[in-house]
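In the working numbering, the protein residues as written are 128 to 381.
Cβ atoms here follow ideal geometry from the backbone N, Cα and C, with glycine treated the same way.
In this text the structure is predicted, and so the values were computed from the model without any measurement.
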């Protein structure tokens with residue numbers, strides 16, 4: 128209950144600050160490839176003002192679910208709605224996604240930021256400098272993005288996504304293979320974005336990370352939602368056998 132109260136307060140604070148909430152939902156979501164059903168009848172509501180962490184064993188459908196919610200894939204059945212409407216191009220511009228492996232332009236660090244600012248009609252150099260400063264990349268502004276370290280590339284990828292000022296930010300295991308310092312830097316940026324009112328949907332296998340970030344947990348098992356519950360409840364008393372096995376470190380075969 129404490130998690131739900133805190134979540135409601137954050138949503139109210141965002142609304143009172145003039146930050147609109149972009150609620151999303153999946154209805155009867157199915158995704159098949161050939162004769163395999165990879166996402167199987169998912170119903171899910173995502174409220175604004177929360178960090179939703181998506182967890183589950185390998186092959187459970189976590190990355191597929193993010194891509195369906197963001198409109199990168201078309202469901203075989205069912206639909207995805209944001210603000211009660213299908214995901215149009217205009218709505219998708221209010222979202223951003225960061226992948227496990229950074230996807231960067233073969234340009235300088237600063238040029239990667241300027242590219243997305245131009246999409247928003249904001250080409251101001253001052254804004255580019257502010258974004259790079261917040262990401263801890265101001266000193267690397269003129270360097271080719273491909274020459275950054277792995278952690279720096281992911282920070283640039285995240286900063287570029289946030290330059291769009293998205294209302295929803297999807298993150299698909301953005302700290303995989305990063306060292307603790309780089310992971311902490313990514314989490315700090317995500318936390319600041321959340322405090323400014325961005326809805327966060329974060330896929331991770333890292334239980335410590337999930338405990339640090341999550342307001343609520345969506346646990347997937349074999350393409351279905353096994354649990355969708357406040358984080359404190361999930362970690363203290365998981366309801367499904369699959370989640371109990373997962374948290375205990377036992378192998379969960381899909």
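Beta-carbon contacts of residue i that lie in its chain and below 6 Å, excluding the five residues immediately before and after
i, result
"residue 366", "354"
"residue 278", "305, 309"
"residue 237", "255, 268"
Backbone CA spacing between residue i and residue j [nearest angstrom]
i, j, result
"residue 155", "residue 276", "41 Å"
"residue 376", "residue 342", "22 Å"
"residue 255", "residue 323", "18 Å"
"residue 188", "residue 370", "15 Å"
"residue 362", "residue 374", "8 Å"
"residue 223", "residue 166", "22 Å"
"residue 168", "residue 206", "10 Å"
"residue 193", "residue 211", "18 Å"
"residue 339", "residue 179", "12 Å"
"residue 218", "residue 163", "30 Å"
"residue 174", "residue 325", "11 Å"
"residue 181", "residue 216", "25 Å"
"residue 357", "residue 345", "9 Å"
"residue 150", "residue 220", "15 Å"
"residue 368", "residue 360", "15 Å"
"residue 282", "residue 197", "21 Å"
"residue 284", "residue 311", "15 Å"
"residue 351", "residue 252", "46 Å"
"residue 307", "residue 248", "36 Å"
Residue i, DSSP secondary structure in three states
i, result
"residue 243", "helix"
"residue 266", "helix"
"residue 321", "helix"
"residue 213", "strand"
"residue 431", "The structure shown does not extend to residue 431, since the chain is modelled only from 128 to 381, so the question has no answer here."
"residue 175", "coil"
"residue 294", "coil"
"residue 356", "strand"
"residue 204", "strand"
"residue 151", "strand"
"residue 168", "strand"
"residue 372", "helix"
"residue 281", "helix"
"residue 231", "coil"
"residue 349", "coil"
"residue 378", "coil"
"residue 361", "helix"
"residue 312", "helix"
"residue 260", "helix"
"residue 192", "helix"
Residues near residue i by beta carbon distance below 7 Å, same chain, minus five either side
i, result
"residue 202", "156, 157, 158, 195"
"residue 145", "In this prediction, residue 145 scores a pLDDT of 39, lower than 50, which makes its location untrustworthy; the coordinate-derived value is nonetheless stated afterwards. The answer is none, since no qualifying residue turns up."
"residue 266", "none"
"residue 244", "250, 254, 255, 290"
"residue 190", "299, 330"
"residue 321", "178, 327"
"residue 214", "198, 207"
"residue 204", "155, 157"
"residue 161", "none"
"residue 170", "153, 154, 155"
Cutoff 8 Å; reference residue i; Cβ partners in own chain excluding five residues on either side
i, result
"residue 233", "271, 272, 273"
"residue 314", "302, 336, 339, 340"
"residue 200", "158, 191, 194"
"residue 318", "340"
Cβ separation of residue i and residue j, assumed to be a contact under 8 Å, to the nearest whole Å
i, j, result
"residue 327", "residue 290", "Wrong, their Cβ atoms sit about 16 Å apart, outside the cutoff."
"residue 235", "residue 286", "Contact doesn't hold; Cβ gap of about 13 Å is too wide."
"residue 347", "residue 183", "4 Å"
"residue 231", "residue 280", "6 Å"
Distance cut-off 8 Å: residue i Cβ against heavy atoms of the ligand NAD
i, result
"residue 194", "No copy of the ligand NAD appears in this structure; indeed no ligand is present at all."
Do the segment 253-272 and the segment 294-310 meet, that is, are 3 or more Cβ pairs less than 8 Å apart?
no
Check whether the segment 331-350 touches the segment 257-266, taking contact to mean three or more Cβ pairs, one atom from each stretch, closer than 8 Å.
Segments in contact, no.
Any 3 or more C-beta pairs closer than 8 Å across the segment 298-314 and the segment 221-233:
yes
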